[in-house]
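J.: So the sequence shown is residues 69 to 419, counted in the working numbering.
The C-beta atom is built at its ideal place from N, Cα and C for all residues, glycine as well.
Just so you know, these numbers come straight off a predicted model, no measurement behind them.
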Amino acid sequence: LKIVYSEKHKKHNPTREFILGRFEKYKECEKRVENILIEAKKRRLISANQQELIKPTDHGLKHILKLHSQDYVDYLKTAYKNWLRIGGSEVGVFPADFPVRDFANKHRENKGGNGGSRGYYTSGLHSVIVEGTFEAAYEAVQVALTAADILVKEDNTHVLALSRPPGHHAHGDLCGGYCFFNNAAITAKYLIDELKVGKVAILDIDYHHGNGTQEFFYSQNNPLYASIHGENDYPYYWGSASEKGTGQGLGYTINRPLKKGTKDEEYLKTLKEILENIKLNFKPNLILISLGLDTFEKDPVGNFKLSSNCYLQIGKLIKGLNLKCLFLLEGGYALENIGENCLNVLHAFND
Ligand code: SP5
Ligand code: ZN
69 LKIVYSEKHK
79 KHNPTREFIL
89 GRFEKYKECE
99 KRVENILIEA
109 KKRRLISANQ
119 QELIKPTDHG
129 LKHILKLHSQ
139 DYVDYLKTAY
149 KNWLRIGGSE
159 VGVFPADFPV
169 RDFANKHREN
179 KGGNGGSRGY
189 YTSGLHSVIV
199 EGTFEAAYEA
209 VQVALTAADI
219 LVKEDNTHVL
229 ALSRPPGHHA
239 HGDLCGGYCF
249 FNNAAITAKY
259 LIDELKVGKV
269 AILDIDYHHG
279 NGTQEFFYSQ
289 NNPLYASIHG
299 ENDYPYYWGS
309 ASEKGTGQGL
319 GYTINRPLKK
329 GTKDEEYLKT
339 LKEILENIKL
349 NFKPNLILIS
359 LGLDTFEKDP
369 VGNFKLSSNC
379 YLQIGKLIKG
389 LNLKCLFLLE
399 GGYALENIGE
409 NCLNVLHAFN
419 D
């Protein structure tokens, strides 16, 4: 197992988020990744000085711009400075006015100028922009792309990309759900277009539906996108089983929403079905896993009830595909357990 990591993720450090009308501690925090490293040391997957961790190589903005617009990138770069300049709080950027796009833009292309841009470029209040957000989000993409390079170059390797902030809720010009750039979608496109790996399956096992990832590829037959996620939960407007793709993409989007409270047995049964379906009907050359650990029973955000043991089983099922696997970190907020659960998934891949 190879692990790609950059400490630049720490530059994205919002202190608070706005939940149910209250400011609370920002749950998408640096400890998430750092605790995975602590657990990796406990398991002797890496040594105390972390010398085995692979640093990302800079692939530039080019691959980000294949899926995200230049004006969105410019917004992420400048939003915090503009916010401070108009007297915004240091907690970070909290948009307050939203265009309701179809309505606001029916007759003209108006992104609202400086005042309106905050609402224009976000799908909700859960992605707080601070000073280092752009740098960290840019680096998270480089971590994921570097992991893709390694996976393709080396035989018998599986790679974990500790990308933070996560990405699967980010659209072409929208941040949302703690996400800014869609690490998984950018990497899937890079694998297909640049590294020419053939067919890529994206398996999204974060508790939340990956609305951004699904939207990018909804009318395409490569990559395939498959998600198991909580029903009637964030991001609310996506992820029903009836969403199966459109045109050439019909059948290449698979959604399996499960009820709140879902436990190991039903989860594993559903995962098994999806994996068999993918193997039989899609026959991918490689699988990219959007790895969220917020399906855990003690997770403060997700509402499934998976045990730590379940993550060992999830890993075994994925290993059973006999494909090269690129694991890319998404959510997971139970800080005490994220390390154990994450490395349990990868246990079957330890050589
Ligand atoms: C990457 C990722 O996991 N993003 C998740 C963002 C979810 N944010 C919305 C949370 C909605 C409020 N739910 C409160 C649940 C309390 N148990
Ligand atoms: Zn999530």
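1) Our contact map puts Gly-313 next to Thr-321 with C-beta atoms below 8 Å; I'd like the distance itself, whole angstroms only.
2) Among the candidates Leu-129, Asp-139, Leu-193, whose CA atom is the shortest distance from the CA of Arg-90?
3) Could you pull out every residue in the same chain whose Cβ sits closer than 6 Å to the Cβ of Pro-291, ignoring the five residues on either side in sequence?
4) With a CB to CB cut of under 6 Å and the five nearest residues on each side skipped, what residues in its chain are close to Tyr-218?
5) May I have all residues whose beta carbon comes closer than 5 Å to any heavy atom of the ligand ZN, sorted in chain order?
6) Taking the C-alpha atoms as reference points, what is the distance between Leu-318 and Ile-355?
7) For Tyr-188, which residues from the same chain have a beta carbon less than 7 Å from its beta carbon, with the 5 sequence-adjacent residues on both sides left out?
8) If you reduce the DSSP assignment to three classes, tell me which class Ser-185 lands in.
9) If you draw a straight line from the alpha carbon of Gly-315 to that of Asn-289, how long is it in whole angstroms?
10) Can you look up Thr-281 in the DSSP assignment and give me helix, strand or coil?
11) Considering only their Cβ atoms, is the gap separating Tyr-258 from Ala-215 smaller than 8 Å?
12) Counting only runs of 4+ residues fully inside the region 219-268, write out the alpha helix (DSSP H) ranges in chain order.
13) Could you give the residue range of the alpha helix (DSSP H) that holds Arg-153?
14) Beta carbon of Ile-406, beta carbon of Leu-339: below 8 Å?
15) Using the three-state DSSP reduction, which class does Leu-121 fall into: helix, strand or coil?
16) Report, in whole angstroms, the separation of the C-beta atoms of Ser-195 and Gly-278, which I expect to be a contact under 8 Å.
17) What whole-angstrom Cβ distance do Phe-350 and Ala-229 have, given they're in contact under 8 Å?
18) Between which two residues does the beta strand (DSSP E) holding Ile-357 run?
19) Flag this pair as touching only if the region 93-105 and the region 232-248 have three or more C-beta atom pairs under 8 Å; answer yes or no.
20) Looking only at C-alpha atoms, which of Gly-400, Lys-149, Tyr-206 sits nearest to Gly-160?
21) Would you mind reading off the limits of the beta strand (DSSP E) that contains Lys-392?
22) State yes or no: is the C-beta of Val-369 nearer than 7 Å to some heavy atom of the ligand SP5?
23) At 3 residues or longer, and completely inside the region 289-374: list those beta strand (DSSP E) runs for me, N to C.
24) Would you check if the distance between the CB atom of Asn-251 and the CB atom of Ala-294 is smaller than 8 Å?
25) Here's a check: name, in chain order, each residue in its chain whose Cβ is nearer than 7 Å to the Cβ of Thr-83, leaving out the five neighbours to either side.
26) Is it buried or exposed for Thr-190, if we count other Cβ within 10 angstroms and need 16 for buried?
27) DSSP state of Asn-126, grouped into three classes?
28) Answer yes or no: do Phe-372 and Gly-280 have a C-beta to C-beta separation smaller than 8 Å?
29) Label Leu-144 either buried or exposed according to how many other C-beta atoms from any shown protein chain fall within 10 Å of its C-beta, with 16 as the threshold for buried.
30) Roughly how many whole angstroms lie between the Cα atoms of Tyr-246 and Ser-308?
31) For Arg-84, which of helix, strand or coil comes out of DSSP?
32) Anyone know if the C-beta pair for Ala-147 and Arg-186 falls short of 8 Å?
33) Anyone know if the C-beta pair for Ala-208 and His-127 falls short of 8 Å?
T.: On the basis of the data shown:
1) In the sequence shown, residue 313 corresponds to position 245, counting from 1. In the sequence shown, residue 321 corresponds to position 253, counting from 1. Gly-313 to Thr-321, Cβ: 4 Å. Contact.
2) Within the sequence shown, residue 90 is the residue found at index 22, counting from 1. Among Leu-129, Asp-139, Leu-193, the Cα nearest to that of Arg-90 belongs to Leu-193.
3) Within the sequence shown, numbered from 1, the residue matching residue 291 stands at position 223. So the qualifying residues of the chain are Ala-256, Val-268, Ile-270, Phe-285.
4) Translated into positions along the sequence shown, residue 218 becomes position 150. Sequence check: residue 218 is Ile here, not Tyr. For Ile-218, where only same-chain residues beyond five positions count, the Cβ hits under 6 Å are Lys-70, Val-227.
5) Asp-274, Tyr-275, His-276, Gly-360, Asp-362, Gly-399
6) Mapped onto the sequence shown, residue 318 falls at position 250. Mapped onto the sequence shown, residue 355 falls at position 287. Each residue's Cα considered, the two are about 19 Å apart.
7) Numbered from its first residue, the sequence shown carries residue 188 at position 120. Excluding sequence neighbours, Tyr-188 sits near Pro-167, Lys-179, Gly-180.
8) To locate residue 185, count along the sequence shown from 1; it is residue 117. Of the three classes helix, strand and coil, the one that applies to Ser-185 here is helix, per DSSP.
9) Sequence index remark: in the sequence shown, residue 315 carries index 247 (1-based). Sequence index remark: in the sequence shown, residue 289 carries index 221 (1-based). Approximately 9 Å, taken between the alpha carbons.
10) Within the sequence shown, the letter at position 213 stands for residue 281. The answer is helix: DSSP assigns Thr-281 an H, G or I state.
11) Here residue 215 is taken as the residue at index 147 of the sequence shown, counted from 1. Here residue 258 is taken as the residue at index 190 of the sequence shown, counted from 1. Cβ distance not < 8 Å, so Ala-215 and Tyr-258 don't count as in contact.
12) 251-261
13) The residue given as residue 153 occupies position 85 in the sequence shown. Note, Arg-153: alpha helix (DSSP H), 138-153.
14) To locate residue 406, count along the sequence shown from 1; it is residue 338. To locate residue 339, count along the sequence shown from 1; it is residue 271. No, Cβ-Cβ distance for Ile-406 and Leu-339 is not below 8 Å.
15) Taking the first residue of the sequence shown as position 1, residue 121 is located at position 53. Leu-121 falls in the coil class under three-state DSSP.
16) Here residue 195 refers to the residue found at position 127 of the sequence shown. Here residue 278 refers to the residue found at position 210 of the sequence shown. Not a contact, Cβ separation roughly 15 Å.
17) The residue given as residue 350 occupies position 282 in the sequence shown. The residue given as residue 229 occupies position 161 in the sequence shown. So it is not a contact: roughly 22 Å between Cβ atoms.
18) Translated into positions along the sequence shown, residue 357 becomes position 289. Taken as a continuous stretch (DSSP letters only), the beta strand (DSSP E) holding Ile-357 covers 354-359.
19) yes
20) Position 92 of the sequence shown, counted from the start, is the residue given in the question as residue 160. When only C-alpha atoms are compared, the closest one is Lys-149.
21) As a position in the sequence shown, residue 392 is number 324, starting the count at 1. First-last of the beta strand (DSSP E) with Lys-392: 392-397.
22) As a working mapping, residue 369 is identified with position 301 in the sequence shown. For the ligand SP5, at least one heavy atom lies less than 7 Å from the Cβ of Val-369.
23) 292-298, 321-326, 354-359
24) The sequence position of residue 251 within the sequence shown is 183, counting from 1. The sequence position of residue 294 within the sequence shown is 226, counting from 1. Not a contact, by the Cβ cut-off of 8 Å.
25) As a position in the sequence shown, residue 83 is number 15, starting the count at 1. Hits under 7 Å: Tyr-94, Val-159.
26) In the sequence shown, residue 190 corresponds to position 122, counting from 1. Buried, since its Cβ has 16 or more Cβ neighbours within 10 Å.
27) Along the sequence shown, read from residue 1 onward, the residue named residue 126 stands at position 58. The sequence shown places Asp at residue 126, not Asn. Coil.
28) By one-based count along the sequence shown, residue 372 stands at place 304. By one-based count along the sequence shown, residue 280 stands at place 212. Taking 8 Å as the Cβ cut-off, Phe-372 and Gly-280 do not qualify as a contacting pair.
29) Walking along the sequence shown from the start, residue 144 turns up at place 76. Leu-144 should be labelled buried.
30) Within the sequence shown, the letter at position 178 stands for residue 246. Within the sequence shown, the letter at position 240 stands for residue 308. C-alpha separation (whole angstroms): 22 Å.
31) As a position in the sequence shown, residue 84 is number 16, starting the count at 1. The answer is strand: DSSP assigns Arg-84 an E or B state.
32) Looking up residue 147 in the sequence shown gives position 79. Looking up residue 186 in the sequence shown gives position 118. Taking 8 Å as the Cβ cut-off, Ala-147 and Arg-186 qualify as a contacting pair.
33) One-based indexing of the sequence shown puts residue 208 at position 140. One-based indexing of the sequence shown puts residue 127 at position 59. Going by C-beta atoms, Ala-208 is not nearer than 8 Å to His-127.
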